[in-house]
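Trainee: Protein sequence lines correspond, in order, to chains R and W.
Counted the way the numbering used here counts, the first sequence spans residues 60 to 279.
Counted the way the numbering used here counts, the second sequence spans residues 1052 to 1270.
Virtual Cβ for every residue (Gly too), placed ideally from N, Cα, C.
Here the structure is a predicted model, which means the values were calculated and not measured.
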Amino acid sequence: MLRRSLLIFALLSFATVTVGAEGGGWKQLFNGKDLTGWKHVGPGGMTVEDGLIKTHGGMGLLYWTGGQVGNCQIRVVFRMRDQNDNSGVFIRIPIEPREEWMPVHYGYEVQIDNEPEKSNEDEYHYTGTLYSLTKPLAKPGKPGPEWNTMEITLDGPRTIVTVNGQKVTDYTEGQPVPERKFDFEPQRGPRPLKGWFGLQNHSDNDVVFFKEVAMRPLQK
Amino acid sequence: MMRRSICLFALALLVALPRQTPGAEWKQLFNGKDLTGWKQVGPGHFEVVDGMLKTVGGMGLLYYTGGKIGNSVIRVVFKVTKPDDNSGVFIRIPIEPREEWMPVNYGYEVQIYDAGDEHHCTGVLYSLTTAMARASKPAGEWNTMDITLDGPRTIVVLNGTKVTDYTEGQPVPERTKEYEPQRGRRPNEGWIGLQNHPREDNSDSGVYFKEVAIKPLRK
Chain R
60 MLRRSLLIFA
70 LLSFATVTVG
80 AEGGGWKQLF
90 NGKDLTGWKH
100 VGPGGMTVED
110 GLIKTHGGMG
120 LLYWTGGQVG
130 NCQIRVVFRM
140 RDQNDNSGVF
150 IRIPIEPREE
160 WMPVHYGYEV
170 QIDNEPEKSN
180 EDEYHYTGTL
190 YSLTKPLAKP
200 GKPGPEWNTM
210 EITLDGPRTI
220 VTVNGQKVTD
230 YTEGQPVPER
240 KFDFEPQRGP
250 RPLKGWFGLQ
260 NHSDNDVVFF
270 KEVAMRPLQK
Chain W
1052 MMRRSICLFA
1062 LALLVALPRQ
1072 TPGAEWKQLF
1082 NGKDLTGWKQ
1092 VGPGHFEVVD
1102 GMLKTVGGMG
1112 LLYYTGGKIG
1122 NSVIRVVFKV
1132 TKPDDNSGVF
1142 IRIPIEPREE
1152 WMPVNYGYEV
1162 QIYDAGDEHH
1172 CTGVLYSLTT
1182 AMARASKPAG
1192 EWNTMDITLD
1202 GPRTIVVLNG
1212 TKVTDYTEGQ
1222 PVPERTKEYE
1232 PQRGRRPNEG
1242 WIGLQNHPRE
1252 DNSDSGVYFK
1262 EVAIKPLRK
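1) How big is the Cα-Cα spacing for Val100(R) and Leu120(R)?
2) Consult DSSP for Glu210(R) and reduce its assignment to one of helix, strand or coil.
3) Taking C-beta to C-beta, are Arg1126(W) and Asp1197(W) nearer than 7 Å?
4) Short of 7 Å in beta carbon distance, which residues of its chain neighbour Glu155(R), apart from the five on each side in sequence? Order them along the chain.
5) So the candidates are Gly200(R), Thr208(R), Asp144(R) and Thr231(R); which of them puts its Cα closest to the Cα of Asn264(R)?
6) Under 7 Å, do Ser1138(W) and Thr1116(W) count as touching if we go by C-beta distance?
7) Could you tell me if Gln1091(W) is buried or exposed, where buried requires 16 or more neighbouring beta carbons within 10 angstroms of its beta carbon?
8) Give the secondary structure of Pro162(R) by DSSP, where H, G and I count as helix, E and B as strand, and everything else as coil.
9) Cβ closer than 8 Å: which chain W residues qualify as neighbours of His99(R)?
10) If we define contact as Cβ-Cβ less than 7 Å, is Ile1146(W) a contact residue for chain R?
11) Comparing C-alpha positions only, which one of Pro276(R), Pro102(R), Ile150(R) and Glu158(R) sits nearest to Thr218(R)?
12) Whole angstroms is fine: what's the gap from Pro237(R)'s alpha carbon to Arg247(R)'s?
13) Going by beta carbon distance, what residues of the same chain come within less than 7 Å of Glu1147(W), once the five residues before and after it are set aside?
14) Is it the case that the Cβ atoms of Leu189(R) and Tyr165(R) are separated by a distance below 7 Å?
15) Taking a Cβ distance cut-off of 7 Å, strictly less, list which residues of the segment 145–175 of chain R are near chain W, in chain order.
16) Drop a sphere of 10 angstroms on the beta-carbon of Phe241(R), count the other beta-carbons inside from all chains shown, and report buried for 16 or more, exposed for fewer.
17) Quick check on the burial criterion: 16 or more other C-beta atoms within 10 angstroms. Buried or exposed for Gln234(R)?
18) According to the Cβ coordinates, are His261(R) and Gly117(R) closer than 7 Å?
19) Spatial neighbours of Ala80(R) within its chain, please: CB distance less than 8 Å, with the 5 preceding and 5 following residues excluded, ordered by chain position.
20) Just to confirm my understanding: we take Val1140(W), look at its own chain, exclude 5 residues before and 5 after, and list those with CB closer than 8 Å. What are they?
21) Can you grab the Cα-Cα spacing for the pair Gly110(R) / Glu1229(W), in whole Å?
22) Looking at the unbroken beta strand (DSSP E) that takes in Met105(R), where does it start and where does it end?
23) Closest to Ile1142(W) by C-alpha separation, out of Gly1083(W), Val1258(W), Glu1225(W) and Glu1151(W), would be which residue?
24) On the criterion of 16 or more Cβ atoms from any shown chain inside 10 Å, does Gln278(R) qualify as buried, or is it exposed?
25) Say whether chain W places a C-beta atom closer than 7 Å to the C-beta of Gln225(R).
26) Tell me which residues of the segment 1234–1254 of chain W have at least one Cβ-Cβ distance to chain R shorter than 7 Å, keeping chain order.
27) Does DSSP classify Thr183(R) as helix, strand or coil?
28) Suppose you measure from the CA of Asp1201(W) to the CA of Ile1265(W); what does that come to, to the nearest Å?
29) Beta-carbon of Leu1149(W) versus every beta-carbon of chain R: anything under 7 Å?
30) Against chain W, does Gln87(R) count as a neighbour if the rule is that its beta carbon must be under 7 Å from one of theirs?
31) Helix, strand or coil for Val266(R), going by three-state DSSP, please let me know.
32) The beta strand (DSSP E) that contains Met1089(W), what's its start and end?
33) With contact counted as at least three CB pairs below 8 Å, one residue from each stretch, are the segment 1174–1184 of chain W and the segment 1203–1221 of chain W in contact?
34) Below 8 Å, can you find three or more Cβ-Cβ pairs linking the segment 130–140 of chain R to the segment 201–220 of chain R?
35) What first and last residue would you give for the alpha helix (DSSP H) that runs through Asn1156(W)?
36) Note down, in chain order, all residues in the segment 1148–1169 of chain W with a beta-carbon under 8 Å from any beta-carbon belonging to chain R.
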């Protein structure tokens, strides 16, 4: 019986891998038409126009209602309306959000902002960093209206972010981070291995469009 | 091997049982001397004065670092100095607090505020339940508040009188102020803490706690 179970398990595993290999295994979380599967909390909102998610006002977030994710990759394809606009991708949010600040303080925001110096912020606030916590390994963000591809890898306690193919962040829980400087910066401390995730709408002055949000399990 | 395990298990139970003798089952969480086992988040703090915890400034909370609590009775013995002193007991906080607003929005505050209306007075789940009675002692006298966490049911008894009996999912009033908690279900088990909250005029509330204890629910 044990051997038979193992055999079935092996077969199932093989089947999963095979299916996952098709189309890179990416599951599209935005259907291109409406916000089915997503929910907004906090000020502002998001709409769908011409197949794109568009941010309005803020600060708030549109989170994916499908539950906690970990050991996976999240791919986000976005562009700014202007030369530069502010947004972000929240990850590792420990509980389902009801407002906008718990995600900031208990999750991470993978930042979208190519010109943090214009809001008196240092490079720890550049596109692809874990907002205020990590130093960018590269600055590959493209200004609006060019498209950017961001891939976020959640590998247990390790978070890797690439933007347009270049690695910006490679952070493992427990590594040192700078002290908190502003009251809107996240509280320090460990984040969970799995969490809810969402897209940030930052302010009236910041408009960012998303054309793809996809996820696939980690392939090892 | 199996039988031996059962035998050992039974023995272990026998050894464990005598500890749960009546009267000895309350576990004191405040040692009367210092803040060992507790941690402050948010503005203000607590002082230990003559064996009591005293609220200073705020709004913040002092949470118990021992982990989540459910299916238990929490006993808090407190007194206020003035009728508009403000404090509370946070319960059912889903994750360990790092600041003061997540506990408000994702947990409950059992309110301590005698000047509040029926949804914001001592013994209610702040802004969510209607007081079944007003049972506070006058300022300066000790109050005993027993908060029972029975799965999804929360019962608050103040000086022997039931003030709240709420089960998850029952209707609550709409949220009318931005500092009121977000609505929605709370977990059966959560972190707990004591609130330090200033008065309306921003002076320190003089709220004192002399006992914080828990015991498991017996069924």
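Mentor: Working from what's here:
1) As a working note, residue 100(R) is residue 41 in the first sequence. As a working note, residue 120(R) is residue 61 in the first sequence. Their Cα atoms are separated by approximately 6 Å.
2) Start at 1 with the first residue of the first sequence, and residue 210(R) comes out as number 151. The answer is strand: DSSP assigns Glu210(R) an E or B state.
3) Counted from its first residue, the second sequence places residue 1126(W) at position 75. Counted from its first residue, the second sequence places residue 1197(W) at position 146. Their beta carbons are under 7 Å apart, which means Arg1126(W) touches Asp1197(W) by this criterion.
4) Numbered from 1 along the first sequence, position 96 holds the residue referred to as residue 155(R). Result list for Glu155(R): Trp255, in chain order.
5) Counting from one through the first sequence, the residue named residue 264(R) turns up at place 205. The residue with the shortest Cα to Cα distance from Asn264(R) is Asp144(R).
6) The residue given as residue 1138(W) occupies position 87 in the second sequence. The residue given as residue 1116(W) occupies position 65 in the second sequence. Result no, Cβ atoms of Ser1138(W) and Thr1116(W) do not sit closer than 7 Å.
7) Residue mapping note: residue 1091(W) aligns to position 40 of the second sequence, counting from 1. Result: buried.
8) To locate residue 162(R), count along the first sequence from 1; it is residue 103. If DSSP states are grouped into helix, strand and coil, Pro162(R) belongs with the helices.
9) For this step, residue 99(R) is matched to residue 40 along the first sequence. Those within 8 Å of His99(R) in chain W number zero; the least Cβ separation is about 14 Å.
10) On the second sequence, residue 1146(W) is found 95 positions in, with the first residue counted as 1. So, interface residue.
11) On the first sequence, residue 218(R) is found 159 positions in, with the first residue counted as 1. Shortest Cα-Cα distance from Thr218(R) to any of Pro276(R), Pro102(R), Ile150(R) and Glu158(R) involves Ile150(R).
12) As a first step, residue 237(R) must be located in the first sequence, where it is residue number 178. As a first step, residue 247(R) must be located in the first sequence, where it is residue number 188. About 9 Å.
13) Position 96 of the second sequence, counted from the start, is the residue given in the question as residue 1147(W). Once the five neighbours on either side are set aside, the close Cβ partners of Glu1147(W) are Trp1242.
14) Here residue 189(R) refers to the residue found at position 130 of the first sequence. Here residue 165(R) refers to the residue found at position 106 of the first sequence. Going by C-beta atoms, Leu189(R) is not nearer than 7 Å to Tyr165(R).
15) Pro153, Ile154, Arg157, Glu158, Trp160, Met161, His164 and Tyr165
16) Here residue 241(R) refers to the residue found at position 182 of the first sequence. By the 10 Å Cβ count, Phe241(R) comes out exposed.
17) Numbered from its first residue, the first sequence carries residue 234(R) at position 175. By the Cβ-count criterion, Gln234(R) is exposed, with fewer than 16 other Cβ atoms from all chains shown falling within 10 Å of its own Cβ.
18) The sequence position of residue 261(R) within the first sequence is 202, counting from 1. The sequence position of residue 117(R) within the first sequence is 58, counting from 1. Cβ distance < 7 Å, so His261(R) and Gly117(R) count as in contact.
19) As a working mapping, residue 80(R) is identified with position 21 in the first sequence. Note that Ala80(R) scores a pLDDT of 41, beneath 50, so its modelled location is shaky; the value from the coordinates is reported in the next line. Result list for Ala80(R): empty, nothing under 8 Å.
20) Numbered from 1 along the second sequence, position 89 holds the residue referred to as residue 1140(W). Here the set comprises Ile1125, Val1127, Glu1160, Val1161, Ile1163, Met1196, Ile1198, Ile1243, Gly1244, Leu1245 and Gln1246.
21) What you label residue 110(R) is simply residue 51 of the first sequence in a count that begins at 1. What you label residue 1229(W) is simply residue 178 of the second sequence in a count that begins at 1. Spanning the two alpha carbons is a distance of roughly 34 Å.
22) Walking along the first sequence from the start, residue 105(R) turns up at place 46. If you look at Met105(R), you'll find it in the beta strand (DSSP E) that goes Gly104 to Glu108.
23) Start at 1 with the first residue of the second sequence, and residue 1142(W) comes out as number 91. Measuring from the Cα of Ile1142(W), the nearest candidate turns out to be Glu1151(W).
24) Looking up residue 278(R) in the first sequence gives position 219. Result: exposed.
25) For the purposes of this step, residue 225(R) is taken as residue 166 along the first sequence, with counting starting at 1. The Cβ of Gln225(R) sits no closer than 7 Å to any Cβ of chain W.
26) Against chain R - using a Cβ distance shorter than 7 Å - the residues of the segment 1234–1254 of chain W are Gly1235.
27) Counted from its first residue, the first sequence places residue 183(R) at position 124. Note on identity: in this sequence residue 183(R) is Tyr, with Thr being the wrong assignment. Reduced to three states, the DSSP call for Tyr183(R) is helix.
28) In the second sequence, residue 1201(W) corresponds to position 150, counting from 1. In the second sequence, residue 1265(W) corresponds to position 214, counting from 1. Each residue's alpha carbon lies about 13 Å from the other.
29) Taking the first residue of the second sequence as position 1, residue 1149(W) is located at position 98. The residue asked about is misnamed: residue 1149(W) is Arg in this sequence, not Leu. Answer yes: the Cβ-Cβ gap between Arg1149(W) and chain R drops below 7 Å somewhere.
30) On the first sequence, residue 87(R) is found 28 positions in, with the first residue counted as 1. Contacts with chain W at 7 Å (Cβ-Cβ) do not include Gln87(R).
31) Taking the first sequence and counting its residues from 1, the one referred to as residue 266(R) is at position 207. Three-state result, Val266(R): coil.
32) Your numbering for residue 1089(W) matches position 38 in the second sequence. The residue asked about is misnamed: residue 1089(W) is Trp in this sequence, not Met. Per DSSP, Trp1089(W) is one residue of the beta strand (DSSP E) stretching across Trp1089 to Val1092.
33) yes
34) yes
35) By one-based count along the second sequence, residue 1156(W) stands at place 105. In this chain, the alpha helix (DSSP H) harbouring Asn1156(W) covers Trp1152 to Tyr1157.
36) So the list reads Arg1149, Glu1150, Trp1152, Met1153, Asn1156 and Tyr1157, given in the order they occur along the chain.
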